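Student: Structure provided below as structure tokens; questions to follow.
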Amino acid sequence: MVAPGIFDALTASLAAAAGFEALYVSGAAIAYTRLGSSDIGLVSMSEVADAITQIRDRVDVPLIVDADTGYGNALNVRRTVRLFERAGAAAIQIEDQSFPKRCGHLRDKSLISAGEMAGKVKAAVDARASEETLIIARTDAIAVEGFDAALERAHLYVEMGADILFVEAPRSREQMATIGRQFGSLRPLIANMVEGGDTPLSSAAELGEVGFKIVIFGGGIVRALARTAQEYYRSLAAHGTNAPFSNRMFDFNELNSLIGTPELLALGKSYDVVQSTRRVEKSIA
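Have a look at this one:
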């Protein structure tokens, strides 16, 4: 299953319209777009909760939500899970980095102990209101403690009740195949495809062959949008008009059609009819 990265209601609605079965609410993408900053732990729990609420109001597709480290200790994780679940998360991902965390494909990360993370996984499992809300345990240990240590941590997180495993940033196809062999029959596995990152890029079909069930492209949409936006602004600055760029843009009517403005206005009018009917009934009475 391919889960594209999203960060707001617009990207969610576009991804849902493309037919994806699940969407990945990316903490990195929220940092890039809301803060214009790096994925280094600056995004807060409340900012992600707000994003989930706005996205859920727009789409019904299941949401996999990046909750970073859970924003604190095991008690913070409990609160995060309850809040995100109420907001509409179908699956909640927590990782074993220390705070402030870093993007999984940045260098110089640090980890909490395996025991502390095990407690956080258990806290997440205990806190959810419904067993249908899935808990994803991510380990970043490959870059810090090595591949074997990452596998040991993953086994521990399974024991603590994690529903899905995410061994972040394997360095080779051999490592990915090993992860699949060891865990593919125990839990669904997530692979994270990052252009320019540490993990060799593979298609969803190729990853499925070695045991992965979910493939996320967390920051891909922002990398695409950022490049397009950069080219747009340079064109506008150079020409003083959007004319040279117009074939790469929606026009005003096309965008309104895309986001459903005609349907929304028609819905508003339907309520006007109800109000008019009530005024007539009141005048007759």
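In this note's numbering, the protein residues as written are 5 to 289. Note that the Cβ used here is the ideal one computed from N, Cα and C, for glycine as well. A quick note: this is a predicted structure, and the numbers were derived from the prediction, not measured.
Please report the Cβ distance between D12 and A55, rounded to the nearest whole angstrom; I am assuming they are in contact, meaning their Cβ atoms lie under 8 Å.
Tutor: Within the sequence shown, numbered from 1, the residue matching residue 12 stands at position 8. Within the sequence shown, numbered from 1, the residue matching residue 55 stands at position 51. Confirmed, about 6 Å.
Student: Buried or exposed: where does S261 fall if 16 or more other Cβ atoms within 10 Å of its Cβ makes it buried?
Tutor: Working through the sequence shown from its first residue, we reach residue 261 at position 257. Burial call: exposed.
Student: When the Cα atoms are used, what is the spatial distance from A22 to L268?
Tutor: Taking the sequence shown and counting its residues from 1, one reaches residue 22 at position 18. Taking the sequence shown and counting its residues from 1, one reaches residue 268 at position 264. Taking the straight line from one Cα to the other gives about 21 Å.
Student: Please look up how many angstroms separate the CB atoms of A19 and L27, rounded, as I've assumed it's under 8 Å.
Tutor: Position 15 of the sequence shown, counting from 1, holds the residue named residue 19. Position 23 of the sequence shown, counting from 1, holds the residue named residue 27. Right, their Cβ atoms sit about 5 Å apart.
Student: Which whole runs of the alpha helix (DSSP H) in the stretch 50 to 131 are 4 residues long or more, in chain order?
Tutor: As far as the stretch 50 to 131 is concerned, its whole alpha helix (DSSP H) runs of at least 4 residues are 78 to 91, 118 to 131.
Student: If you draw a straight line from the alpha carbon of G9 to that of F170, how long is it in whole angstroms?
Tutor: Sequence index remark: in the sequence shown, residue 9 carries index 5 (1-based). Sequence index remark: in the sequence shown, residue 170 carries index 166 (1-based). Spanning the two alpha carbons is a distance of roughly 16 Å.
Student: Could you tell me which whole beta strand (DSSP E) segments of length 3 or greater appear in the stretch 149 to 230?
Tutor: Here the runs fully enclosed are 168 to 171, 194 to 196, 218 to 221.
Student: Tell me whether the beta-carbon of S239 lies closer than 8 Å to the beta-carbon of F254.
Tutor: To locate residue 239, count along the sequence shown from 1; it is residue 235. To locate residue 254, count along the sequence shown from 1; it is residue 250. No, they are not a contact pair.
Student: Is the number of C-beta pairs between the stretch 168 to 187 and the stretch 120 to 134 that are closer than 8 Å three or more?
Tutor: Segments in contact, no.
Student: So what's A7 in DSSP terms, helix, strand or just coil?
Tutor: Residue numbering aside, residue 7 sits at position 3 when the sequence shown is read from its first letter. A7 falls in the strand class under three-state DSSP.
Student: Locate the beta strand (DSSP E) running through A13, then write down its first and last residues.
Tutor: As a working note, residue 13 is residue 9 in the sequence shown. From DSSP, A13 is part of no beta strand (DSSP E) but of the alpha helix (DSSP H) over 13 to 21.
Student: G224: which of P66, G119, R191, N196 sits nearest, CA to CA?
Tutor: As a position in the sequence shown, residue 224 is number 220, starting the count at 1. For the residues P66, G119, R191, N196, the minimum Cα distance to G224 belongs to N196.
Student: P174: buried (16+ other C-beta within 10 angstroms of its C-beta) or exposed?
Tutor: Along the sequence shown, read from residue 1 onward, the residue named residue 174 stands at position 170. So P174 counts as buried.
Student: Nearest to I116 by alpha carbon, out of G264, E199, V148?
Tutor: Along the sequence shown, one-based indexing puts residue 116 at 112. That would be V148, whose Cα lies nearest to the Cα of I116.
Student: With respect to the alpha helix (DSSP H) encompassing I34, which residues constitute its N-terminal and C-terminal limits?
Tutor: The residue labelled residue 34 in the question sits at position 30 within the sequence shown. Run containing I34: 31 to 34, per the alpha helix (DSSP H) assignment.
Student: Please tell me whether R106 and D43 are closer than 8 Å, where the distance is taken between their beta carbons.
Tutor: As a working note, residue 106 is residue 102 in the sequence shown. As a working note, residue 43 is residue 39 in the sequence shown. Result yes, Cβ atoms of R106 and D43 sit closer than 8 Å.
Student: Mind checking who T265 pairs with in its DSSP beta bridge?
Tutor: Locating residue 265 in the sequence shown gives position 261, counting from the first residue. BP columns for T265 are empty, so no partner.
Student: What number of angstroms, rounded off, separates the C-alpha of V67 from the C-alpha of L110?
Tutor: As a position in the sequence shown, residue 67 is number 63, starting the count at 1. As a position in the sequence shown, residue 110 is number 106, starting the count at 1. Reading off the sequence, residue 67 comes out as Leu, not Val. Cα to Cα, L67 sits roughly 25 Å from L110.
Student: When the Cα atoms are used, what is the spatial distance from F88 to T245?
Tutor: As a position in the sequence shown, residue 88 is number 84, starting the count at 1. As a position in the sequence shown, residue 245 is number 241, starting the count at 1. C-alpha separation (whole angstroms): 43 Å.
Student: Taking the beta carbon of R252 as the centre, do at least 16 other beta carbons fall within 10 Å, making it buried, or is it exposed?
Tutor: Here the question's residue 252 lines up with position 248 in the sequence shown. It counts as exposed.
Student: Out of S134, R60, M180, which one is the CA nearest neighbour of D152?
Tutor: As a first step, residue 152 is located in the sequence shown; it is residue number 148 there, counting from the start. Nearest option by C-alpha distance: M180.
Student: Within its chain, find whatever has a CB closer than 7 Å to the CB of N80; leave out the 5 residues flanking it on each side and keep chain order.
Tutor: Position 76 of the sequence shown, counted from the first residue, corresponds to residue 80. Same-chain partners within the cutoff: G74.
Student: Compare the C-beta of F170 with all C-beta atoms of chain D and state if any pair is closer than 8 Å.
Tutor: Going by chain labels, chain D is absent from the structure shown, which holds only one protein chain.
Student: Out of curiosity, what's the CA-to-CA distance linking R145 and V162?
Tutor: The residue labelled residue 145 in the question sits at position 141 within the sequence shown. The residue labelled residue 162 in the question sits at position 158 within the sequence shown. The question names Arg, yet the displayed sequence has Ala at residue 145. So the alpha carbons of these two residues sit roughly 15 Å apart.
Student: Should A166 and I194 be called a contact, given that it needs their Cβ atoms to be closer than 8 Å?
Tutor: Taking the sequence shown and counting its residues from 1, the one referred to as residue 166 is at position 162. Taking the sequence shown and counting its residues from 1, the one referred to as residue 194 is at position 190. The answer is no: Cβ separation not under 8 Å.
Student: So the beta strand (DSSP E) L39 belongs to, where does it begin and stop?
Tutor: Here residue 39 is taken as the residue at index 35 of the sequence shown, counted from 1. Run containing L39: none; DSSP gives neither H nor E here.
Student: Would you report the Cα separation of R227 and V277, rounded to the nearest angstrom?
Tutor: Along the sequence shown, read from residue 1 onward, the residue named residue 227 stands at position 223. Along the sequence shown, read from residue 1 onward, the residue named residue 277 stands at position 273. Rounded to the nearest angstrom, the two C-alpha atoms are 45 Å apart.
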